[in-house]
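Participant: So the sequence lines, in the order shown, correspond to chains A and B.
Just add 225 to wherever you are in the first sequence, counting from 1, and you've got our numbering.
Note that our numbering numbers the second sequence so that position 137 is 117, with each residue one more than the last.
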Amino acid sequence: MNGGARPPNRSFRVSPVDRLGRTISPLVLDAAEEIGRRAIAHAEKLLIDPAVAAGLLEEAAATVSRALASKKHCTQAGVQDLPSYLFRAFIRRVDRIKKKQLTQVDDVPIPTLGWRNSTDAQADLEMKILVDELLTRCDAETRDMFYRRIQGFSWKEIGRSYGISDYAARKRFSLAVRRIGEELGLKSDLRIKIIL
Amino acid sequence: MRVKFKDSRAFERGGKDLLDFARAYLSEAFPNPDRQGCPLDAALRSFAFNPTQGAPGVTEHLASCSPCFRRYRELLAELKSQKEKEKEFTWDRISVWTKAHPVLVGTAALCLLLIAIGVGFFLRSVRQPNAPPVETNRRPNPSEPQNLTVASLPFSVDLSSLSPVRGSEPPTGIQRRVLVPNSPLDLTMTLPLASPEGRYDLKLTSEGQTFWSKSAQAHLQKGKTLIQVEADFTQIGVGNYSLEVRSSTGIRFIQPVSIQSPLPTGEERKP
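1) Going along the segment 69 to 98 of chain B in order, which residues come within less than 7 Å of chain A, judged by CB to CB distance?
2) Using the beta-carbon of each residue, which ones in chain A are nearer than 7 Å to Arg3/B?
3) With DSSP collapsed to three states, give me the class of Lys79/B.
4) In the DSSP assignment, find the beta strand (DSSP E) that holds Ser140/B and state where it starts and stops.
5) Interface residues of chain B around Val356/A at Cβ under 8 Å?
6) Under a CB-based cut-off of 8 Å, is Glu58/B close to chain A?
7) When burial is assigned at 16 or more other CB atoms within 10 Å of the CB, is Glu224/B buried or exposed?
8) Against Tyr387/A, what residues of chain B qualify as contacts under a CB-to-CB distance less than 7 Å, listed in chain order?
9) Along chain A, in chain order, which residues have C-beta atoms closer than 7 Å to that of Ser44/B?
10) I'd like to know if Pro251/A contacts chain B, where contact means its C-beta is closer than 8 Å to some C-beta of that chain.
11) Which residues share a DSSP beta bridge with Thr248/A?
12) Helix or strand or just coil, what does DSSP make of Phe10/B?
13) Going by alpha carbons, who is nearest to Cys48/B out of Trp77/B, Asn30/B, Cys18/B?
14) Taking its Cβ as the centre, do 16 or more other Cβ atoms sit within 10 Å of Lys323/A, making it buried, or is it exposed?
15) Taking the Cβ atom as the reference point for each residue, do Leu133/B and Ser163/B lie within a distance shorter than 8 Å?
16) Determine whether the beta carbon atoms of Arg313/A and Ala80/B lie at a separation below 8 Å.
17) With 8 Å as the threshold, decide whether the Cβ of Glu254/B is near any Cβ in chain A.
18) Can you list the alpha helix (DSSP H) stretches of 4 or more residues lying completely in the segment 4 to 77 of chain B, in chain order?
19) Can you list the residues of chain B that Leu360/A reaches, using a CB-CB cut of under 7 Å?
20) Counting only beta-carbon atoms, is Phe101/B nearer than 8 Å to chain A?
21) With a threshold of 8 Å between beta carbons, is Arg104/B in contact with chain D?
22) Which of helix, strand or coil does DSSP assign to Cys299/A?
23) What residues in its chain sit with their C-beta under 6 Å from that of Ser186/B, if we drop five residues either side in the sequence?
24) Could you check where the beta strand (DSSP E) with Gly278/B kicks off and where it finishes?
25) With burial defined as no fewer than 16 other Cβ atoms inside 10 Å of the residue's Cβ, what is the status of Gln189/B: buried or exposed?
26) DSSP state of Glu187/B, grouped into three classes?
27) Specify, as a first and last residue, the run of the beta strand (DSSP E) that Asp212/B falls within.
28) Strictly under 8 Å for the Cβ-Cβ distance: is Asp369/A near chain B by that measure?
29) Here's a check: name, in chain order, each residue in its chain whose Cβ is nearer than 6 Å to the Cβ of Met370/A, leaving out the five neighbours to either side.
30) Could you check if His267/A is buried or exposed, using at least 16 other CB atoms within 10 Å of its CB as the buried criterion?
31) Note down, in chain order, each residue of its chain lying with its Cβ closer than 7 Å to the Cβ of Phe315/A, except the 5 sequence neighbours on either side.
32) Just tell me which of Met352/A, Asp357/A, Arg395/A, Leu355/A has its CA closest to the CA of Arg373/A.
33) Assuming Arg157/B contacts Pro236/B under a Cβ cut-off of 8 Å, what Cβ separation, rounded to an integer in Å, is found between them?
34) Please state if the CB of Thr70/B and the CB of Gly388/A are separated by a distance shorter than 8 Å.
35) So the beta strand (DSSP E) Ile239/B belongs to, where does it begin and stop?
36) Answer with buried or exposed for Lys353/A, where buried requires no fewer than 16 other C-beta atoms within 10 angstroms of its C-beta.
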């Protein structure tokens, strides 16, 4: 890592009002302009029009603004890193659009995700959505457990990092994954064997 | 917002597949050349090595910044190798300590050995609470009275010179009486040449009365037909008897024997 944060490039502008007329708070607007270029580039990889992507970013920014203002579901203390939080909110909207396209239109072009060699682009896209949902919906601890699993840590090692048993670590993670699976509309009795 | 999965392929796939995908996805999909909003390396290191103390906001950033995610993976790999080294180091220390304190190690090993022996004896006594000690391969003490019931005495009887007796006709010719000790015998009988293999009935008779009988199998060994059988003659009184060997086809061999008191140990009599 090269020394952490650098001054943000503010050449990207976001409208302070989204297409539904909802205002975006200055704090969130600032974060949206910070991540704007990266967000549009990410959407373009998924074959989403940049104008649509910009609209999705404004929509995400307006929703986050309202959430922060209401302080009901998401307080400032809950959002640890506003630009990253906004980025993930934007990615979820992109995923939703992409999924809708795939389920409603048969001949929609499926983007080939160039992150690994795979022959099943649609399955990869679904897996991307699943990973995005997992990272967005779960708490910091579960997210970190997921990162450690990705790196090949055993449950024993993860448990030791958090000062709990391997069983407790696994259980905590599996419960979070199961809850997300249910929220995604998967049957609760479906055997979720991912990552576990 | 709810993203519904129409099919559950992503969930049904194996965990390793998803982890592989997530690794590639998070490492590549979020380039951040300007390093906007990236935490300091120290913050990442702190979180990797001590997640309960580190800033939880780091995980949020890692989900949308590939350079930081790659760096975090490096730190986790470093942590893993460090832990493995620590484990090896512990064994190394034990090894060094044992070399530095050989007397203590020897004493500890001796104690363990004694404990193991004690436990062994204890278990042995628990398993056989009233079993008498079994004496095996013990040399007989000349001062002790000899107990001849302990082992069978090897004894051979050569019947090769006998003529077969058919039906109930009495044996012809004069036959030498064989002296047989009245003790447990490991009896080997050599049947006349060309006697068939198979089942034979053995009987020890006297004046029409059977005192001992047994059935045994005859085998060919080096051109001779042999019957090997264990015979306990301890209950047979001293006197003259007939040892009758009868095949399934009705051929009989009758050998006169004389049962006598036990012979000195290790001595083998042959007819």
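Backbone N, C-alpha and C fix where the C-beta goes; we use that ideal spot for every residue, glycine too.
Facilitator: In short:
1) none
2) Mapped onto the second sequence, residue 3/B falls at position 23. Going along chain A in sequence order, the residues near Arg3/B (Cβ under 7 Å) are Ile375.
3) Locating residue 79/B in the second sequence gives position 99, counting from the first residue. Three-state result, Lys79/B: helix.
4) By 1-based counting over the second sequence, the position of residue 140/B is 160. Counting along the chain, Ser140/B falls outside any beta strand (DSSP E), and DSSP gives it neither H nor E.
5) On the first sequence, position 131 is the one that residue 356/A refers to. Within 8 Å of the CB of Val356/A, the CB atoms of chain B belong to Leu(-2), Phe1, Ala2, Tyr5, Leu6, in sequence order along the chain.
6) Here residue 58/B refers to the residue found at position 78 when the second sequence is read from its first residue. Judged by the 8 Å Cβ criterion, Glu58/B is not in contact with chain A.
7) As a position in the second sequence, residue 224/B is number 244, starting the count at 1. Counting Cβ neighbours within 10 Å, Glu224/B comes out buried, since at least 16 surround it.
8) Residue mapping note: residue 387/A aligns to position 162 of the first sequence, counting from 1. What Tyr387/A touches in chain B: Pro31, Thr32.
9) Here residue 44/B refers to the residue found at position 64 of the second sequence. Ordered by position in chain A, the residues that pass the 7 Å Cβ test against Ser44/B are Ser309, Phe312, Arg313.
10) Reading the first sequence from its first residue, position 26 is the one you call residue 251/A. Chain B, which has no Cβ nearer than 8 Å to the Cβ of Pro251/A, makes this no.
11) Within the first sequence, the letter at position 23 stands for residue 248/A. For Thr248/A, which the question treats as bridged, DSSP gives the partners Val242/A.
12) Against the second sequence, residue 10/B aligns to sequence position 30. Phe10/B: coil per DSSP, three-state reduction.
13) If you number the second sequence from 1, residue 48/B lands on position 68. Its Cα nearest to that of Cys48/B, the residue Cys18/B stands out among Trp77/B, Asn30/B, Cys18/B.
14) Counted from its first residue, the first sequence places residue 323/A at position 98. Answer is buried; the Cβ neighbour count reaches 16.
15) Locating residue 133/B in the second sequence gives position 153, where the first residue counts as 1. Locating residue 163/B in the second sequence gives position 183, where the first residue counts as 1. Yes, the Cβ-Cβ distance between Leu133/B and Ser163/B is below 8 Å.
16) Along the first sequence, read from residue 1 onward, the residue named residue 313/A stands at position 88. Along the second sequence, read from residue 1 onward, the residue named residue 80/B stands at position 100. No. Outside cutoff.
17) In this structure chain B extends from -19 to 251, so residue 254/B is not present and cannot be described.
18) 21 to 29, 37 to 42
19) Position 135 of the first sequence holds residue 360/A. Correct list: Ala43.
20) Stepping through the second sequence from its first residue, residue 101/B is reached at position 121. Output row for Phe101/B: interface = no.
21) In the structure shown, chain D cannot be found, because the protein chains are A and B.
22) Counted from its first residue, the first sequence places residue 299/A at position 74. Below a pLDDT of 50, predicted positions are generally treated as unreliable, and Cys299/A, at 49, falls in that range; the measurement from the model is reported next regardless. If DSSP states are grouped into helix, strand and coil, Cys299/A belongs with coil.
23) Here residue 186/B corresponds to residue number 206 of the second sequence, with the count starting at 1. Tyr221, listed in sequence order.
24) One cannot answer for residue 278/B here, as it falls past the ends of chain B, which runs -19 to 251.
25) As a first step, residue 189/B must be located in the second sequence, where it is residue number 209. Label assigned to Gln189/B: exposed.
26) The count along the second sequence starts at 1 and reaches residue 187/B at position 207. Three-state result, Glu187/B: coil.
27) Translated into the one-based positions of the second sequence, residue 212/B becomes position 232. Segment 204 to 212, the beta strand (DSSP E) holding Asp212/B.
28) On the first sequence, position 144 is the one that residue 369/A refers to. Residue-level contact check: Asp369/A touches chain B, since one or more beta carbons of chain B fall below 8 Å from its beta carbon.
29) Translated into the one-based positions of the first sequence, residue 370/A becomes position 145. Excluding residues within five positions, the ones whose Cβ falls inside 6 Å are Ile383, Phe398.
30) Residue numbering aside, residue 267/A sits at position 42 when the first sequence is read from its first letter. Per the 10 Å Cβ criterion, buried.
31) Numbered from 1 along the first sequence, position 90 holds the residue referred to as residue 315/A. Closer than 7 Å at the Cβ level, and outside the excluded window around Phe315/A, lie Ala264, Leu281, Leu282, Ala285.
32) Taking the first sequence and counting its residues from 1, the one referred to as residue 373/A is at position 148. Answer by Cα proximity: Arg395/A.
33) Start at 1 with the first residue of the second sequence, and residue 157/B comes out as number 177. Start at 1 with the first residue of the second sequence, and residue 236/B comes out as number 256. With 8 Å as the limit, Arg157/B and Pro236/B qualify as a contact, their Cβ atoms being about 4 Å apart.
34) Along the first sequence, read from residue 1 onward, the residue named residue 388/A stands at position 163. Along the second sequence, read from residue 1 onward, the residue named residue 70/B stands at position 90. No, these two residues do not count as a Cβ contact at 8 Å.
35) Reading the second sequence from its first residue, position 259 is the one you call residue 239/B. Under the DSSP assignment, Ile239/B falls in the beta strand (DSSP E) whose first and last residues are 232 to 240.
36) Residue 353/A sits at position 128 when you count from the first residue of the first sequence. Buried.
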